[in-house]
Amino acid sequence: MTRLFKYVLILTGLHVAAHAFPQATTMDSTVVDSVATVTALAPEASAHVPTYLEKLVAAPYTLIVAAIVLLLFFLFIWFRRLAKQVNEQLAEPGISECVRFDLEQARSTAIASRQASKFFGLLLFGGYLAYIAAQGTPMQGYAMEWVNLAVRWVHVIAGIMWIGASFYFIFLENNLNRTEGLRDELAGNLWAIHGGGFYYVEKYQVAPKVIPKHLHWFKYEAYFTWLSGFSLLFIVYYADARSFMIDPTVAALSTSEALGIGIGSMVLGWLIYDVMSKSRLVLRQDLFALVGVLVLGVITYALTHLLSGRAAYIHVGALLGTIMAGNVFFTIIPSQKALVRAAKTGQPLDATLGKKAGQRSLHNNYITLPVVFIMLSNHFPSTFGHSGNWLILMVIMVASAGIKHYWNLLERGIKRTWVLVVSILALVVLSMAISPAFEESLDEAIPVSFEEANAVIQARCVQCHSANPTDEQWPSAPNGVMYDTPEQIQGMADKIMTRAVRTHTMPQGNKTGMTEGERAILKRWILQGAKID
Numbered sequence: 005m006t007r008l009f010k011y012v013l014i015l016t017g018l019h020v021a022a023h024a025f026p027q028a029t030t031m032d033s034t035v036v037d038s039v040a041t042v043t044a045l046a047p048e049a050s051a052h053v054p055t056y057l058e059k060l061v062a063a064p065y066t067l068i069v070a071a072i073v074l075l076l077f078f079l080f081i082w083f084r085r086l087a088k089q090v091n092e093q094l095a096e097p098g099i100s101e102c103v104r105f106d107l108e109q110a111r112s113t114a115i116a117s118r119q120a121s122k123f124f125g126l127l128l129f130g131g132y133l134a135y136i137a138a139q140g141t142p143m144q145g146y147a148m149e150w151v152n153l154a155v156r157w158v159h160v161i162a163g164i165m166w167i168g169a170s171f172y173f174i175f176l177e178n179n180l181n182r183t184e185g186l187r188d189e190l191a192g193n194l195w196a197i198h199g200g201g202f203y204y205v206e207k208y209q210v211a212p213k214v215i216p217k218h219l220h221w222f223k224y225e226a227y228f229t230w231l232s233g234f235s236l237l238f239i240v241y242y243a244d245a246r247s248f249m250i251d252p253t254v255a256a257l258s259t260s261e262a263l264g265i266g267i268g269s270m271v272l273g274w275l276i277y278d279v280m281s282k283s284r285l286v287l288r289q290d291l292f293a294l295v296g297v298l299v300l301g302v303i304t305y306a307l308t309h310l311l312s313g314r315a316a317y318i319h320v321g322a323l324l325g326t327i328m329a330g331n332v333f334f335t336i337i338p339s340q341k342a343l344v345r346a347a348k349t350g351q352p353l354d355a356t357l358g359k360k361a362g363q364r365s366l367h368n369n370y371i372t373l374p375v376v377f378i379m380l381s382n383h384f385p386s387t388f389g390h391s392g393n394w395l396i397l398m399v400i401m402v403a404s405a406g407i408k409h410y411w412n413l414l415e416r417g418i419k420r421t422w423v424l425v426v427s428i429l430a431l432v433v434l435s436m437a438i439s440p441a442f443e444e445s446l447d448e449a450i451p452v453s454f455e456e457a458n459a460v461i462q463a464r465c466v467q468c469h470s471a472n473p474t475d476e477q478w479p480s481a482p483n484g485v486m487y488d489t490p491e492q493i494q495g496m497a498d499k500i501m502t503r504a505v506r507t508h509t510m511p512q513g514n515k516t517g518m519t520e521g522e523r524a525i526l527k528r529w530i531l532q533g534a535k536i537d
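Per our numbering, the sequence shown starts with residue 5, numbered consecutively.
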């Protein structure tokens, strides 16, 4: 594998050199004279075109990417050596079963970490070099669109696998037969039918006397969901923080301040939650939930008053996702490893380990529906674009967790219909409360012609929303929305009212500088029927 890294470095050096140094020496005198003549006749055409190396050096993230790639390279080397050392120790005769188990776990961790370091190192290294090569060319937006698609696809697939596993095991826990015909070592069992087959599942109170050789672990779904989600934050938000994270009407932040707030909120959220979960507060479930909602409300309020509404929502989701992945990585998997180790080595089994893991798993189960909503929220600007966006998000998160609570209770045979009714009623009341205010009558509105409305669209919107966008970030019209013809504009009148007039979420980050007066023109034109004749 070291050879592969060497080859990659050599090829990169050749690639950089090829782009960095113009091959003027291969030109004949006629070509050189022609170039000189053209330069003399058109001095404006002699503007310096940065070489690949110059673009690489000037890029703001080059040092950060280089540091991360170098760190991953050294981690790869270190984990490879660690795996080799562990293999040598496992080959030694006479080691105890306890030591053997610890060594096998260390080897498994080292191999997985080595593979992850290699994969993400090469992906980041090659991806960044390709990004620099495409920067400033028509391929830049196109390449970023495909990177966005690929990472988003991985994120959704991994998330479905993780959430599906969470829902399934909570279903098992809630539906286990815990009373009839159980052996002493069992906590419960369940018969099920699916896909034309019958299934029988047993849960042990702590662990079986003999641990099977092939034991499936549910962890990589969580890890890949978090890693792909964090990558999306960089691709969508951090790479263009000025447009997607900063809203000058909310707070005047620098790019570094916005990134610090976003990443800091995830770290702070996990630390607060972890401290709460390790305190005696966790023994009182109702009080734990209340304090958790209050803390989340404070963080949500702060984020929506520092970042753009869209960025604030997605960072609340990232915070909750970090808590879920942190539960898996720091508590659930270590607890399960300790149980397996004790069972394999004949040590006393600590039942509290399983209870702690189960508790964190249940917390994750309640968080899933709020996170799923946040993943979808970017398509609904009436939520994140509203002046009370923080309260809207809190109501939706609490209501969706309430629906999940009703669901979990129902699976255990407990009917709490009022929980479902209150949760749905909260969502209905919320939707009515944030609906558009009563509009002035059409007779009193100042008449606006299509020409006036179209002038605003052409000045502020078609840079992106066109068959041929001029904004370098969008190689094609976002979501296929185009305003090149009167009919296209008229057909999107409702969307224009929602995004540009009511929620002010378009233009994105108000990149083209749409004024309140221009928004008022669009509003009056739409209220008067969005006529184009």
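All residues carry an ideal CB built from backbone N, CA and C; glycine is no exception.
Taking the alpha carbon of L237 as the reference point, which residue from Q462, Y317 and M496 has its own alpha carbon closest?
Closest by alpha carbon: Y317.
Where DSSP assigns a beta bridge to H52, which residues make up the other side?
Paired residue(s): none; H52 is not in a bridge.
Is G313 near the ligand FAD - that is, is its Cβ less than 7 Å away from at least one heavy atom of it?
Absence of the ligand FAD from the depicted structure is noted, as is the absence of any ligand whatsoever, leaving it without description.
Could you pull the DSSP bridge partners for A196 from this structure?
Answer by DSSP bridge pairing, in chain order: Y203.
Hey, quick one: how far does the alpha helix (DSSP H) through E225 stretch, first residue to last?
Per DSSP, E225 belongs to the alpha helix (DSSP H) from Y224 to L236.
Are Q93 and L75 close, meaning C-beta to C-beta below 8 Å?
No, the pair does not count as a contact, with Cβ atoms beyond the cut-off.
Per-residue burial, Y135 [other beta carbons within 10 Å of its own, 16 or more giving buried]
Counting other Cβ atoms within 10 Å of its Cβ, Y135 reaches 16 or more and is therefore classed as buried.
Determine whether the beta carbon atoms of I164 and T372 lie at a separation below 8 Å.
No.
With C-beta atoms as the reference, is E315 less than 8 Å away from Y241?
The sequence as given places Ala at residue 315; Glu does not occur at that position. Closer than 8 Å, so yes.
Helix, strand or coil for F382 per DSSP?
Correcting the residue type first, residue 382 is Asn in the shown sequence and not Phe. If DSSP states are grouped into helix, strand and coil, N382 belongs with coil.
So, with DSSP's three-state summary, where would you put Q27?
Caution applies to Q27, whose pLDDT of 39 falls short of 50 and renders its modelled position unreliable; the value that the coordinates give is listed next. Q27 falls in the coil class under three-state DSSP.
Cutoff 7 Å; reference L446; Cβ partners in own chain excluding five residues on either side
With a pLDDT of 47 at L446, under the threshold of 50, the predicted position of this residue should be treated as unreliable, though the coordinate-derived value follows. These residues qualify, in order along the chain: L531 and Q532.
Within its chain, find whatever has a CB closer than 7 Å to the CB of F222; leave out the 5 residues flanking it on each side and keep chain order.
Taken in chain order, the residues that qualify are A169.
Along the chain, where does the alpha helix (DSSP H) that runs through V240 open and close?
Boundaries for V240: no alpha helix (DSSP H) harbours it, and the DSSP string shows neither H nor E there.
Looking at C-alpha atoms only, which residue of F105, L397, G130 and G145 is the closest neighbour of T474?
The option with the nearest alpha carbon to T474 is G145.
Thinking C-alpha only, which one of V432, I500, T356 and L153 is nearest C465?
Looking at V432, I500, T356 and L153, the one whose alpha-carbon comes closest to that of C465 is I500.
Our contact map puts N472 next to K408 with C-beta atoms below 8 Å; I'd like the distance itself, whole angstroms only.
About 46 Å; that fails the 8 Å criterion.
Taking C-beta to C-beta, are S427 and T502 nearer than 8 Å?
Cβ atoms of S427 and T502: not closer than 8 Å.
Can you say whether Y203 is buried or exposed, counting buried as having 16 or more other CB atoms within 10 angstroms of its CB?
Exposed, by the Cβ-count rule.
Is N472 helix, strand or coil by DSSP?
Three-state DSSP puts N472 in coil, outside helix and strand.
Name, in chain order, the residues that DSSP records as bridge partners for Y208.
In DSSP, Y208 forms a bridge with L190.
Indicate the three-state DSSP secondary structure (helix, strand or coil) for K535 in the structure shown.
Here K535 sits in coil by DSSP.
Between which two residues does the alpha helix (DSSP H) containing R345 stretch?
Here the alpha helix (DSSP H) through R345 covers I337 to T349.
Contact under 8 Å by Cβ, R111 with N91
At the C-beta level, R111 and N91 come within 8 Å of one another.
When the Cβ atoms of the region 398 to 406 are set against those of the region 429 to 439, are three or more pairs found closer than 8 Å?
Result yes; three or more Cβ-Cβ pairs closer than 8 Å.
Sort E177, L194, P252 and N178 by Cα distance to E184 and report the nearest one.
Nearest option by C-alpha distance: L194.
Just mark A87 as buried or exposed, buried being the case when its beta carbon has 16 or more other beta carbons within 10 Å.
By the neighbour-count rule (16 or more Cβ atoms within 10 Å), A87 is buried.
Tell me which same chain residues have a C-beta within less than 6 Å of the C-beta of A147, skipping the five on either side of it?
Same-chain partners within the cutoff: A138.
Assuming G273 contacts T326 under a Cβ cut-off of 8 Å, what Cβ separation, rounded to an integer in Å, is found between them?
Rounded, the Cβ-Cβ distance is 7 Å, consistent with contact.
Could you please give the first and the last residue of the uninterrupted alpha helix (DSSP H) stretch that includes T66?
Where T66 is concerned, the enclosing alpha helix (DSSP H) starts and stops at T66 to L94.
Run through the DSSP bridge pairs and tell me what N368 is partnered with.
Answer by DSSP bridge pairing: none, since N368 is not bridged.
Assign N483 to buried or exposed, taking buried as 16 or more other Cβ atoms, counted over all protein chains shown, within 10 Å of its Cβ.
Flag for N483 reads exposed.
Pick from T349, A342, S232 and A95: whose alpha carbon is nearest that of F124?
Per the Cα distances, S232.
Excluding the 5 residues flanking K535 on each side, which residues of the same chain have their C-beta closer than 6 Å to its C-beta?
No residues qualify anywhere along the chain.
In chain order, what residues of the same chain have a beta carbon less than 7 Å from the beta carbon of K341, not counting five sequence neighbours either side?
Result list for K341: Q109, in chain order.
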